[in-house]
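What follows is one structure encoded as structure tokens, with my remarks underneath.
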DNA sequence: CACATTAGTGAACACTTGTACACATCAGTA
DNA sequence: TACTGATGTGTACAAGTGTTCACTAATGTG
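Residue numbers (my numbering), protein chains in the order written: chain R, 1 to 209; chain C, 1001 to 1209.
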């Protein structure tokens, strides 16, 4: 009687992960979420939590995995849409920001996790960033856009690029999602950061200290 | 009888702030700390908390203020010790990293707060960073090290520098404090990031697209 | 000295929390 | 068809939570 008709498998699991994301999206910090709170938000009884996760850290880890998918999707879109090399930066930043807007909670979770409580989540996110940076380096190599740089220097450059963009998250996520003016400002500033870095990269070997 | 001899004023306040920092230093996230937990760590009865702080956010805000002092002290030391322009980056990064080592909990709090739960703390830390960046810009102007850059471009450059260094916090704070090798790696990488940025700044106007 | 203020204490409150247990339902398989 | 494992539910409990209250001792000021 109190039993509703059986949901498809994994549905509750997803509900729980979405619930955690929703709470994060509302401004809560992941580290301060409790099991009961999440299950409440998911509309599920507390005990169900343990059917899918050991504890909150475990849930966090699985969120990192999903975050990886989101990032890969973004990368794919960027590769498909960034055609002319001269618009590379602006387009990429645009795609990043629109993804951050459309997956606000996910990116909030990412920003939080970088200095979060769970070492494992922290490492997971850092690892995603490393992967992202190495893919970026590959793309630039393929496009012959950085032929004068050694592999190590190109890696470093891409690392710095990814970090700068990631830091912009803290800019985007504090402004309200509707504030298009501020969003434009962040977009412009981020793009200029990247331009500055690439100018540096372009002259790197000619003045390597 | 249960009353110990009266401590000097503000002592408990300090004990509470230190207790929070200690817990953060042990790996806890500030957002997950509770009033009782902090008072317990401070060796003080829970009610005492309210004599000094409204709630945990309030304590966080006051920690930001202290963080500001730490940063200013660091800045002063950097200004006093960085003599030759050619060693500017390496020396500054060194000073930063040694401060991060000696005030680990403080800098952990800073890294956490950037994407923390309290909007006010977040804004406080961002404001400290802006101040830091503007002071850096002033120093560079004074040293005539960036004469070819417009004020806005110099500000942007310093902003990027400060962000990059701040991001390095997440590198330093995950490695154990005794691991000197890894610390050296972070130091080297951070320094190269800054070099790359300054090379970019040096060639900025000559290729501003 | 008298007195208001400040900064500490302990007891009590109504909730919330994580977790354990026993039980119910469904899906797939032998 | 009967069994089994996975996934859901409800109840229960001990421990921990934020906050209020009334009380006490030391401090600074008139």
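No residue lacks a Cβ here, since even glycine has one placed at the ideal position from N, Cα and C.
Can you give me the Cβ contacts of residue i inside the same chain, cut-off strictly under 7 Å, excluding the 5 residues immediately before and after it?
{"i": "residue 1004/C", "result": "Here residue 1004/C scores only 39 on pLDDT, less than 50, and its place in the model is too uncertain to base an answer on."}
{"i": "residue 1094/C", "result": "1187"}
{"i": "residue 71/R", "result": "128 and 132"}
{"i": "residue 1019/C", "result": "1038, 1041 and 1042"}
{"i": "residue 1177/C", "result": "1101 and 1104"}
{"i": "residue 137/R", "result": "154, 155 and 158"}
{"i": "residue 1025/C", "result": "1104, 1105 and 1108"}
{"i": "residue 1033/C", "result": "1020, 1023 and 1056"}
{"i": "residue 1143/C", "result": "1085"}
{"i": "residue 1058/C", "result": "none"}
Under the assumption that residue i contacts residue j (Cβ atoms under 8 Å), give the Cβ distance between them as a whole number of angstroms.
{"i": "residue 22/R", "j": "residue 105/R", "result": "6 Å"}
{"i": "residue 1173/C", "j": "residue 1108/C", "result": "5 Å"}
{"i": "residue 125/R", "j": "residue 64/R", "result": "6 Å"}
{"i": "residue 241/R", "j": "residue 1160/C", "result": "What is shown of chain R runs 1 to 209, which leaves residue 241/R out entirely."}
{"i": "residue 1203/C", "j": "residue 31/R", "result": "That belief does not hold up - the Cβ atoms of residue 1203/C and residue 31/R are roughly 42 Å apart, past 8 Å."}
In chain order, what residues of the same chain lie with their CB nearer than 6 Å to the CB of residue i, ignoring the 5 residues before and after it?
{"i": "residue 948/C", "result": "Beyond the ends of chain C as shown, which are 1001 and 1209, falls residue 948/C; an answer cannot be given."}
{"i": "residue 78/R", "result": "92 and 95"}
{"i": "residue 39/R", "result": "46 and 49"}
{"i": "residue 1151/C", "result": "none"}
{"i": "residue 140/R", "result": "146"}
Verify whether the separation of the beta carbon atoms of residue i and residue j is less than 7 Å.
{"i": "residue 170/R", "j": "residue 133/R", "result": "no"}
{"i": "residue 164/R", "j": "residue 193/R", "result": "yes"}
{"i": "residue 1157/C", "j": "residue 1201/C", "result": "yes"}
{"i": "residue 1097/C", "j": "residue 1191/C", "result": "no"}
{"i": "residue 1042/C", "j": "residue 1069/C", "result": "no"}
{"i": "residue 205/R", "j": "residue 148/R", "result": "yes"}
{"i": "residue 1099/C", "j": "residue 1074/C", "result": "yes"}
{"i": "residue 1167/C", "j": "residue 53/R", "result": "no"}
Given residue i, which residues of its chain have a CB within under 8 Å of its CB, disregarding the five upstream and five downstream residues?
{"i": "residue 1115/C", "result": "1122"}
{"i": "residue 35/R", "result": "46, 49, 55 and 56"}
{"i": "residue 1/R", "result": "At residue 1/R the pLDDT is 34, less than 50, meaning the model places this residue with poor confidence; the figure from the coordinates comes in the next sentence. So the list is empty, once near-sequence residues are dropped."}
{"i": "residue 208/R", "result": "With a pLDDT of 49 at residue 208/R, under the threshold of 50, the modelled position of that residue is not reliable, and the figure given next carries that caveat. There are no such residues."}
{"i": "residue 184/R", "result": "none"}
{"i": "residue 62/R", "result": "17 and 53"}
{"i": "residue 1014/C", "result": "none"}
Quiz prompt | Sequence ranges, alpha helix (DSSP H) only - wholly within the segment 75-119 of chain R, length at least 4 | solution = Correct list: 88-102 and 104-113.
Quiz item: Where are the alpha helix (DSSP H) runs, 4 residues long or more, that stay fully inside the segment 1128-1193 of chain C, in chain order?
Solution: Complete alpha helix (DSSP H) runs here, min 4: 1151-1172.
Quiz item: In chain order, which alpha helix (DSSP H) runs of at least 4 residues are fully inside the segment 2-51 of chain R?
Solution: Taken in chain order, the whole alpha helix (DSSP H) runs of length 4 or more contained in the segment 2-51 of chain R are 11-25 and 35-42.
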